[in-house]
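Chains as they are written, first to last, in my numbering: chain A, 291 to 517; chain B, 19 to 80; chain C, 7 to 328. Presented below is the structure to which this report refers.
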Amino acid sequence: MSATEHPTEHLAEHLDTHNWTGALRRRALRELPPDRLLPDSQPAYMSSWIYLFGVLTVAALAVVIGTGCVLALKGPQWWHLSSLGHYVNSMHLWSVELFLAFMVIHLWGKFFMAAWRGKRAMTWMTGVVAFLASIGTAFTGYLAQQNLDSQWISTQAKDGLNSVGIGAYFNVMDFGQMLMWHIVLLPAAIGVLTVWHLVLVRRRGIVPPIGAVPPEDENTSEKEDRP
Amino acid sequence: MLTLPPLPARLLAAPIDLNGPGHYLHWGVIQISVANLVVIGLMLIAFVAAILLPFPRKRGRR
Amino acid sequence: MKRGRTREQTPDSHAFPTRPYDLVKEAVIAVIAVTLLTFGLAAVFSSPDEKPVTVATWSQADPADFTATAVTELGGTSATAQYGPPYNTAADGQKLGPLPLQTWAGVKHPIDTANDFVLQPLRQTPEPAAVTAALARWNAASADQQTKWTGAYSDALGKAPNGDPAKVAAGDYGPVPVLTARLLQLGQSGTLDAQLLAEGHYFQTDYTRALLFLADGSYLQDQARTQHLGGDQWGMMNETGNYPGQAWLWLYTFWYQVQPYKSSTNADALVWGTMALLSALLLLLPFIPGLRDIPRLTRVYKLIWRDWYRDHPTPNPGTART
Ligand code: HEM
């Protein structure tokens with residue numbers, strides 16, 4: 291800042307900084323003020339057990355990642371050689387079964403709620419991509435097992451991937467490449483997609499029931515309830 | 019084969035052993051393992067239950 | 007409320023009355039519950055870990071199958087030798103409709119089965135005199151002559167009792183029986199496992215050659231089929247033993263069981279094309295009239311939000327936009 295500037299220019303600049311950082315902060319606060327990011331209340335229509343399956347999916351993902359990290363600490367051979375390792379592997383496997391089961395029930399629920407309504411299409415689409423990425427992650431996990439399963443699955447799956455040209459670049463019989471996809475690239479993708487998905491959910495709020503009208507228009511006595 | 023595995027191995031051994039010949043069901047073109055069928059069945063039950071079971075109504079509105 | 011094209015838009019969720027709800031507490035309870043459930047399932051059911059097949063176990067358990075496979079690798083008639091891209095140019099590969107995607111991707115992992123699976127391993131190990139002579143004779147022969155030898159030996163093995171190389175009828179097989187007999191020794195001793203993997207490097211993470219050789223035999227397949235892992239057994243969604251597998255692959259594996267996929271020479275490409283299309287439909291479902299109306303028409307939503315509709319009678323929710 292040059293010394294020749296008028297003091298009030300500094301003031302104006304401070305109040306409404308036109309730099310990237312300030313713009314990003316203002317945008318973030320506008321799109322997702324703290325009470326929307328972590329609200330301590332929810333719309334009255336959010337009253338069904340089906341809403342739990344999203345958070346159960348998040349919880350299962352946390353357990354999948356946690357157990358995967360323990361396996362990573364000791365390396366890919368560990369679980370074949372140690373009974374503790376095998377137990378951690380079992381946890382990893384069962385948490386994956388739970389993760390995908392919860393996610394699919396969540397998908398069924400969101401489908402029957404048509405939860406893409408009201409500018410929520412991106413929420414749905416990040417969910418679908420997360421679902422596909424999870425299938426890919428589970429698949430590469432099976433390839434990274436180093437047992438009969440991995441041998442058979444890789445030598446079978448290569449035909450499908452080769453038939454559409456993917457196999458030339460994504461070689462399912464290359465254990466090193468598959469392990470990297472399984473523990474680095476795909477989990478990172480799922481992580482980003484999940485955060486994005488959740489931010490979108492919080493920004494728009496939980497989708498209203500089909501055809502529901504805010505009570506104001508309904509002319510009930512609940513007007514003061516609105517934020 | 020009679021030597022006992024070390025203690026941690028015994029503690030961590032699964033009481034229900036799912037190894038051994040798999041059980042499969044066939045209907046025409048459909049073949050499915052009992053294990054997968056159980057998983058899918060439980061998912062459907064959870065879905066239907068989540069929709070049908072009454073959700074506790076929290077203490078009045080804010 | 008308007009019907010037809012101009013359906014009611016979904017209102018902003020923040021315009022609705024609220025009640026207290028503790029998201030963080032809910033998430034913490036969910037993590038604890040899922041962790042406990044996972045501990046329990048892992049403790050009760052454990053997880054499967056069937057030992058891998060090696061060339062050593064294969065060639066010891068089924069030397070006849072190993073020898074028959076080795077002859078096809080040498081003669082260029084094995085599945086890998088005839089595969090096409092990305093391993094070689096022996097075939098064009100599959101097409102997705104008019105698109106030769108497999109060919110376009112090119113030969114990215116070149117494999118010459120005769121050399122990589124048979125001749126090179128023989129040359130890399132100490133050669134008995136008979137093997138040195140057999141290798142020299144093989145190299146000196148024309149491609150035509152080589153094919154005749156391996157073809158004749160393959161046929162003879164097929165006719166021998168149990169495919170046993172020791173019981174093959176006399177014939178003109180050139181140096182082939184000596185070469186495959188030595189390869190069997192290398193296989194049974196475990197040397198070949200290491201050689202197929204080594205590809206000239208010390209550290210190794212790529213099992214392409216070793217796995218392709220194993221998969222060309224029928225031993226690996228027999229092991230997998232007894233575990234219901236075969237492609238025509240809906241094997242993709244199955245796991246060894248009585249463990250649940252990748253049940254979410256049900257639709258992908260389904261196509262392989264029905265026509266026209268089942269008997270198509272482009273089955274893999276067709277199934278991949280179909281699944282790509284269906285995935286795109288799922289992704290873009292919010293924009294596809296008809297599909298996006300299913301939730302409105304099935305009315306499951308009326309059950310899900312029955313509390314709301316009871317307290318706030320909505321004359322015609324089904325006319326809203328989905
Ligand atoms: C990594 C996997 C996923 C995670 C962790 C996840 C998590 C969540 C959570 C916590 C919510 C809010 C609470 C709820 O309504 O359940 C939510 C909402 C939503 N999810 Fe997912 N989800 C995942 C995958 C999917 C999939 C596969 C779909 C559908 C194809 C999907 C579609 C939606 C939609 C449309 C909403 C908005 C619901 C609304 O506004 O009421 N999600 N998700």
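Each residue gets a CB set at the ideal place from its N, CA and C atoms; glycine is no exception.
Per DSSP, the bridge partner or partners of residue i
i                 : result
Gln49 of chain B  : B:His44
Ser331 of chain A : C:Pro26
Glu133 of chain C : In DSSP, Glu133 of chain C forms no bridge with anything.
Glu14 of chain C  : C:Ala326
Leu102 of chain C : C:Leu105
Residue range of the unbroken alpha helix (DSSP H) whose run includes residue i
i                 : result
Gln441 of chain A : Leu438 to Ser453
Arg410 of chain A : Unbroken run through Arg410 of chain A: none, as it is neither H nor E.
Met470 of chain A : Phe465 to Met470
Val77 of chain C  : Pro69 to Gly81
Tyr225 of chain C : Tyr225 to Thr232
Asn379 of chain A : Ser373 to Phe402
His487 of chain A : Leu476 to Arg494
Leu303 of chain C : Ile300 to Thr304
Ser52 of chain C  : Counting along the chain, Ser52 of chain C falls outside any alpha helix (DSSP H), and DSSP gives it neither H nor E.
Leu125 of chain C : Per DSSP, Leu125 of chain C belongs to no alpha helix (DSSP H) and is neither H nor E.
Arg188 of chain C : Val182 to Ser195
Lys154 of chain C : Ala149 to Lys165
Gly356 of chain A : Leu342 to Lys364
Glu321 of chain A : Trp310 to Glu321
Tyr315 of chain C : Arg312 to Asp317
Phe260 of chain C : Trp256 to Trp261
Asp222 of chain C : Thr214 to Asp222
Integer Cβ distance of residue i from residue j, believed to fall under 8 Å
i                 : j                 : result
Asn248 of chain C : His41 of chain B  : 6 Å
Ala32 of chain B  : Phe343 of chain A : 28 Å between Cβ atoms; not a contact.
Phe465 of chain A : Asp212 of chain C : 7 Å
Leu297 of chain C : Leu283 of chain C : Between Leu283 of chain C and Leu297 of chain C the Cβ distance is about 13 Å, and since that is not below 8 Å, they are no contact.
Leu190 of chain C : Thr73 of chain C  : 6 Å
Asp178 of chain C : Ala158 of chain C : 6 Å
Gln229 of chain C : Val61 of chain C  : At roughly 14 Å, the Cβ-Cβ gap does not stay under 8 Å, so Gln229 of chain C and Val61 of chain C are not in contact.
Thr416 of chain A : Leu475 of chain A : Not confirmed; about 17 Å, so no contact.
Leu352 of chain C : Ala275 of chain C : An answer regarding residue 352 of chain C cannot be provided, because it is not within the stretch 7 to 328 covered by chain C.
Leu255 of chain C : Met243 of chain C : 5 Å
Thr156 of chain C : Val77 of chain C  : 5 Å
Gly82 of chain C  : Thr41 of chain C  : Not quite, the Cβ-Cβ distance comes to about 54 Å (not below 8 Å), so this is no contact.
Tyr258 of chain C : Met281 of chain C : 6 Å
Gly99 of chain C  : Ser453 of chain A : 7 Å
Ser51 of chain B  : Gly251 of chain C : 7 Å
Pro499 of chain A : Trp240 of chain C : Rounded, the Cβ-Cβ distance is 39 Å, inconsistent with contact.
The ligand MN heavy atom lying under 7 Å from the CB of residue i
i                 : result
Ala502 of chain A : The model depicted lacks the ligand MN and carries the ligand HEM instead.
When the options are compared against residue i, the one with the closest alpha-carbon
i                 : options                                   : result
Leu351 of chain A : A:Pro498, A:Glu506 and A:Ala478           : A:Ala478
Ser52 of chain C  : A:Gly375, A:Leu363 and A:His308           : A:Gly375
Tyr89 of chain C  : C:Phe293, C:Gly112 and C:Tyr307           : C:Gly112
Lys165 of chain C : C:Thr320, C:Arg143, C:Ala70 and C:Leu289  : C:Ala70
Gln435 of chain A : A:Leu383, A:Lys448, A:Leu422 and A:Ile425 : A:Leu383
Arg407 of chain A : C:Ala162, C:Ile294, C:Asp55 and C:Arg129  : C:Ile294
Arg327 of chain C : C:Pro292, C:Ala275 and C:Val306           : C:Pro292
Trp278 of chain C : A:Pro324, A:Gly457, A:Phe402 and A:Leu488 : A:Gly457
Met403 of chain A : B:Val52, B:Pro74, B:Phe65 and B:Pro72     : B:Phe65
Met412 of chain A : A:Leu314, A:Trp368 and A:Leu490           : A:Leu490
Gly223 of chain C : C:Lys57, C:Trp64 and C:Gly46              : C:Trp64
Leu303 of chain C : C:Arg316, C:Trp311, C:Tyr315 and C:Thr325 : C:Thr325
Asn94 of chain C  : C:Ala85, C:Arg143 and C:Ala200            : C:Ala85
Asn145 of chain C : C:Asn121, C:Ala135, C:Ala162 and C:Thr131 : C:Asn121
Arg320 of chain A : A:Gly455, A:Gln467 and A:Arg492           : A:Arg492
Phe219 of chain C : C:Arg231, C:Leu198 and C:Phe22            : C:Leu198
Asp351 of chain C : C:Ala33, C:Lys114 and C:Gln194            : This structure cannot speak to residue 351 of chain C, because chain C is shown only from 7 to 328.
Discussion item. Closer than 9 Å between beta carbons: that is the criterion. Which residues of the stretch 32-64 of chain B meet it against chain C?
Written reply: Ala32, Pro33, Ile34, Asp35, Leu36, Asn37, Gly38, Pro39, Gly40, His41, Tyr42, Val47, Ile48, Gln49, Ile50, Ser51, Val52, Ala53, Asn54, Leu55, Val56, Val57, Ile58 and Met61
Worksheet item: Which residues, in order along the stretch 323-347 of chain A, keep a beta-carbon less than 8 Å from a beta-carbon of chain B?
Response: Ser331, Ala334, Ser337, Ser338, Trp339, Ile340, Leu342 and Phe343
Worksheet item: Looking at chain B, which residues of the stretch 389-407 of chain A have a Cβ within less than 9 Å of any of its Cβ atoms?
Response: Ala391, Phe392, Val394, Ile395, Trp398, Gly399 and Phe402
Item to complete: Quick one: which residues of the stretch 112-130 of chain C get their C-beta closer than 7 Å to a C-beta of chain A? List them in chain order.
Response: Gly112, Lys114 and His115
Item to complete: Using a Cβ-Cβ cut-off of less than 8 Å, give me the residues of the stretch 48-60 of chain C that come near chain A, in sequence order.
Response: Ala48, Ala49, Phe51, Ser52, Ser53, Pro54, Asp55, Glu56, Lys57, Pro58 and Val59
Discussion item. Tell me which residues of the stretch 432-449 of chain A have at least one Cβ-Cβ distance to chain C shorter than 9 Å, keeping chain order.
Written reply: Only those residues of the stretch 432-449 of chain A whose C-beta falls short of 9 Å from the nearest C-beta of chain C are listed: Tyr432, Gln435, Gln436, Asn437, Leu438, Asp439, Ser440, Gln441, Trp442, Ile443, Ser444, Thr445, Gln446, Ala447, Lys448 and Asp449.
Practice prompt. Would you list, in chain order, the members of the stretch 285-312 of chain C that have their beta-carbon closer than 8 Å to a beta-carbon of chain B?
Written response: Val306, Leu309 and Ile310
Practice prompt. Anything in the stretch 246-260 of chain C with a Cβ closer than 7 Å to a Cβ of chain B? List those residues in chain order, please.
Written response: Gly247, Asn248, Tyr249, Pro250, Gly251 and Ala253
Practice prompt. Return the residues of the stretch 357-378 of chain A that lie within a Cβ-Cβ distance of less than 9 Å from chain C, sorted by chain order.
Written response: Thr357, Trp369, His370, His376, Tyr377 and Val378
Worksheet item: Taking Cβ-Cβ distances below 8 Å as the criterion, which residues of the stretch 14-36 of chain C are in contact with chain B?
Response: Within the stretch 14-36 of chain C, the qualifying residues are Pro23, Thr24, Arg25, Pro26 and Tyr27.
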